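Scroll down for the structure; my scribbles are underneath it.
So, in structure tokens, the structure goes:
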């Protein structure tokens with residue numbers, strides 16, 4: 001295999017294109033809708049859809065039916081779902097963290113993203129080495145399902161987020177009214 005080629009003969013960059021282009025296309029729509037929808041259910045639904053996508057890849061891999069076009073379609077689904085998940089995730093931090101702690105929370109969010117970008121591939125390689133590619137896909141899908149339903153197990157978090165969102169919406173309306181004369 002050459003550099004940049006996968007076992008199907010296609011370039012790894014093609015998978016990246018299939019995941020990033022939908023993200024670019026749907027990012028504005030995702031951001032606008034996330035401003036109107038409750039963020040926690042958007043993130044939960046996104047994780048469940050990604051769990052289904054990875055789970056289907058695991059099933060296809062276990063049955064030796066996985067084709068390159070399956071990977072492209074699943075990458076496309078991931079890109080579309082990320083266009084909703086990422087804005088919801090980024091906007092949820094100010095909703096649940098008091099203002100005086102927001103710089104620290106944003107720093108920790110960035111740091112956790114960087115650390116997961118370093119540790120994640122190593123863990124993925126370990127999962128593939130221990131159980132094979134199909135098992136790694138299956139475990140990844142299970143993680144999406146687990147974390148997608150985790151907030152539902154804590155109704156207090158949902159109520160707190162809803163309360164903070166309502167408070168934020170009133171602040172936004174006051175700011176718009178204050179700016180009416182300037183536009």
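In this note's numbering, the protein residues as written are 1 to 183.
Built from N, CA and C at the ideal position, the CB exists for glycine as well.
This structure is a prediction, so every number in the text was calculated from the model and none was measured.
At the level of alpha carbons, what is the spacing between residue i and residue j?
{"i": "residue 29", "j": "residue 138", "result": "30 angstroms"}
{"i": "residue 16", "j": "residue 85", "result": "18 angstroms"}
{"i": "residue 107", "j": "residue 52", "result": "31 angstroms"}
{"i": "residue 118", "j": "residue 13", "result": "20 angstroms"}
{"i": "residue 67", "j": "residue 55", "result": "15 angstroms"}
{"i": "residue 95", "j": "residue 102", "result": "10 angstroms"}
{"i": "residue 97", "j": "residue 91", "result": "11 angstroms"}
{"i": "residue 18", "j": "residue 46", "result": "17 angstroms"}
{"i": "residue 146", "j": "residue 25", "result": "28 angstroms"}
{"i": "residue 116", "j": "residue 109", "result": "11 angstroms"}
{"i": "residue 120", "j": "residue 34", "result": "27 angstroms"}
{"i": "residue 65", "j": "residue 74", "result": "14 angstroms"}
{"i": "residue 105", "j": "residue 57", "result": "34 angstroms"}
{"i": "residue 211", "j": "residue 70", "result": "Beyond the ends of the chain as shown, which are 1 and 183, falls residue 211; an answer cannot be given."}
{"i": "residue 76", "j": "residue 142", "result": "20 angstroms"}
{"i": "residue 111", "j": "residue 144", "result": "21 angstroms"}
{"i": "residue 148", "j": "residue 83", "result": "16 angstroms"}
Could you pull the start and end residues of the alpha helix (DSSP H) that residue i belongs to?
{"i": "residue 69", "result": "68-96"}
{"i": "residue 20", "result": "12-36"}
{"i": "residue 106", "result": "102-131"}
{"i": "residue 52", "result": "39-62"}
If residue i and residue j are in contact, beta carbons under 8 angstroms, what's the gap, nearest whole angstrom?
{"i": "residue 36", "j": "residue 88", "result": "The pair is not a contact, with the Cβ atoms about 11 angstroms apart (cut-off 8 angstroms)."}
{"i": "residue 22", "j": "residue 79", "result": "3 angstroms"}
Could you tell me whether any Cβ in chain B is nearer than 8 angstroms to the Cβ of residue i?
{"i": "residue 106", "result": "The question asks about chain B, but that chain is absent: this structure has only one protein chain."}
Checklist entry - Can at least three beta-carbon pairs, one atom from the segment 23-38 and one from the segment 126-134, be found at a separation below 8 angstroms? => result no
Item to check | Meets three-Cβ-pair contact criterion under 8 angstroms: the segment 56-75 and the segment 130-137 | outcome: yes
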